[in-house]
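Protein chains in written order, with this note's numbering: chain A, 4 to 120; chain B, 1298 to 1410. Beta carbons: idealized from backbone N, C-alpha and C, even for Gly. This report refers to the structure that appears directly beneath it.
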Amino acid sequence: DGGITQSPKYLFRKEGQNVTLSCEQNLNHDAMYWYRQDPGQGLRLIYYSQIVNDFQKGDIAEGYSVSREKKESFPLTVTSAQKNPTAFYLCASSSGLAGVPGADTQYFGPGTRLTVL
Amino acid sequence: GQQVMQIPQYQHVQEGEDFTTYCNSSTTLSNIQWYKQRPGGHPVFLIQLVKSGEVKKQKRLTFQFGEAKKNSSLHITATQTTDVGTYFCAGPAVPDNFNKFYFGSGTKLNVKP
């Protein structure tokens, strides 16, 4: 089945530890995104990548880092510099083909709920 | 910076009543998309509107894109309990980066049977 996978579904970490969230897609999409969602809130963009080896900061990039070494993978590291890391993290992808109808439709993974104790 | 706001933030309706959520962007959007997130789930794509003034229907759902491409609405006729969830509008700004997406704040719909 084609889709986006995120692991793990639930993650607990101690304060001060870095943690890496996995995101893999087999949709052959060029663009990938990371969002953060807090309870009762909308989605806020952390980082996005339009192509391998390139990524851009979103609106709340401070305290996070990403890499895009492979087309299908876009891991997110939540560093100890992130002051309030407890949240629901969503990864998404889109085909990213400029000018093609529907190319920016976002397909989401199931998300990772991170709790920092 | 770019902002996309939705109203209302919450809506509680009796099953069978209609529901409408409104989306307003601070800048022009190249297209508007709507997503639904069920409780505990992830957002799922519903529809995309591209043209100014466009109206699309999906069964009981009617979507509209404003003439200035800065606002949109989603109307549900005769709500059902299966409509429960949070509805988000989203889209890329113009002439901003095609791949940078802005999501609205969402409207959480609760339907009482």
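I need the boundaries of the beta strand (DSSP E) containing A/Q44, first residue and last residue.
Your numbering for residue 44 of chain A matches position 41 in the first sequence. No beta strand (DSSP E) holds A/Q44; DSSP gives it neither H nor E.
Can you grab the Cα-Cα spacing for the pair B/S1369 / B/Q1306, in whole Å?
Position 72 of the second sequence holds residue 1369 of chain B. Position 9 of the second sequence holds residue 1306 of chain B. Approximately 15 angstroms between the Cα atoms of the pair.
Determine the burial state of A/L79: buried for a count of at least 16 other Cβ atoms within 10 Å of its Cβ, exposed for fewer.
Within the first sequence, numbered from 1, the residue matching residue 79 of chain A stands at position 76. It is buried - the Cβ of A/L79 has at least 16 other Cβ atoms within 10 Å.
Pairwise C-alpha distance: A/V69 and A/Q53
Walking along the first sequence from the start, residue 53 of chain A turns up at place 50. Walking along the first sequence from the start, residue 69 of chain A turns up at place 66. About 13 angstroms.
Please list, in chain order, all residues of the same chain as B/Q1377 whose beta carbon is under 7 angstroms from its beta carbon, the five residues on each side excluded.
The sequence position of residue 1377 of chain B within the second sequence is 80, counting from 1. Excluding positions up to five away in sequence, the list reads E1312 and V1408.
Using DSSP's beta-bridge definition, name the partner residues of B/H1309.
Counted from its first residue, the second sequence places residue 1309 of chain B at position 12. Its beta-bridge partners are B/N1407.
Closer than 9 angstroms between beta carbons: that is the criterion. Which residues of the stretch 43-67 of chain A meet it against chain B?
G43, Q44, G45, L46, R47, L48, Y51, S52, Q53, Q59, G61 and D62
With a threshold of 8 angstroms between beta-carbons, can B/H1282 be considered close to chain A, or not?
Residue 1282 of chain B lies beyond the residue range present for chain B, which begins at 1298 and ends at 1410; the question has no answer from this structure.
For A/Q9, which residues does DSSP report across the bridge?
Numbered from its first residue, the first sequence carries residue 9 of chain A at position 6. Looking at the DSSP assignment, A/Q9 forms a beta bridge with A/C26.
Secondary structure of A/D57, DSSP reduced to three states:
For the purposes of this step, residue 57 of chain A is taken as the residue at position 54 of the first sequence. Strand at A/D57.
DSSP state of B/T1359, grouped into three classes?
Walking along the second sequence from the start, residue 1359 of chain B turns up at place 62. It is a strand residue.
Mind the definition here: the stretch 32-44 of chain A touches the stretch 14-22 of chain A only if three or more C-beta pairs lie below 8 angstroms; say whether that holds.
no
Cβ-based burial, A/L48 [other Cβ within 10 Å; buried from 16]:
Here residue 48 of chain A refers to the residue found at position 45 of the first sequence. Answer is buried; the Cβ neighbour count reaches 16.
Any idea if B/I1304 is buried or exposed, counting beta-carbon neighbours within 10 angstroms, 16 or more meaning buried?
For the purposes of this step, residue 1304 of chain B is taken as the residue at position 7 of the second sequence. Classification for B/I1304: exposed.
Nearest residue (CA-CA) to A/V174, options A/I7, A/A64 and A/D33
Because chain A here runs from 4 to 120, residue 174 of chain A falls outside it and cannot be looked at.
Between the C-alpha atoms of B/F1385 and A/N31, what's the straight-line distance to the nearest angstrom?
Locating residue 1385 of chain B in the second sequence gives position 88, where the first residue counts as 1. Locating residue 31 of chain A in the first sequence gives position 28, where the first residue counts as 1. When rounded, the distance between both Cα atoms is 25 angstroms.
In whole angstroms, give me the CA-to-CA distance for A/G45 and B/S1402.
Locating residue 45 of chain A in the first sequence gives position 42, counting from the first residue. Locating residue 1402 of chain B in the second sequence gives position 105, counting from the first residue. Spanning the two alpha carbons is a distance of roughly 4 angstroms.
Using the beta-carbon count (16 or more within 10 Å), is A/S10 buried or exposed?
Locating residue 10 of chain A in the first sequence gives position 7, counting from the first residue. Exposed, by the Cβ-count rule.
Quick one: Cα of B/Q1345 to Cα of A/K12, how far?
Here residue 1345 of chain B corresponds to residue number 48 of the second sequence, with the count starting at 1. Here residue 12 of chain A corresponds to residue number 9 of the first sequence, with the count starting at 1. Approximately 29 angstroms between the Cα atoms of the pair.
Thinking just about the alpha-carbon of each residue, which of A/P42, A/A95, A/K60 and A/D33 is nearest to the one in A/T118?
Here residue 118 of chain A refers to the residue found at position 115 of the first sequence. Ranking A/P42, A/A95, A/K60 and A/D33 by Cα distance to A/T118 puts A/P42 first.
Are any of the Cβ atoms in chain A nearer than 8 angstroms to that of B/F1360?
Along the second sequence, one-based indexing puts residue 1360 of chain B at 63. It does not: the Cβ of B/F1360 has no partner Cβ on chain A nearer than 8 angstroms.
Within 7 angstroms: the Cβ of B/Q1330 and any heavy atom of the ligand PLP?
Ligands displayed in this structure: none; no statement on the ligand PLP is therefore possible.
What span of residues does the beta strand (DSSP E) with B/I1344 cover, start to end?
Against the second sequence, residue 1344 of chain B aligns to sequence position 47. That run of the beta strand (DSSP E) goes V1341 to L1346.
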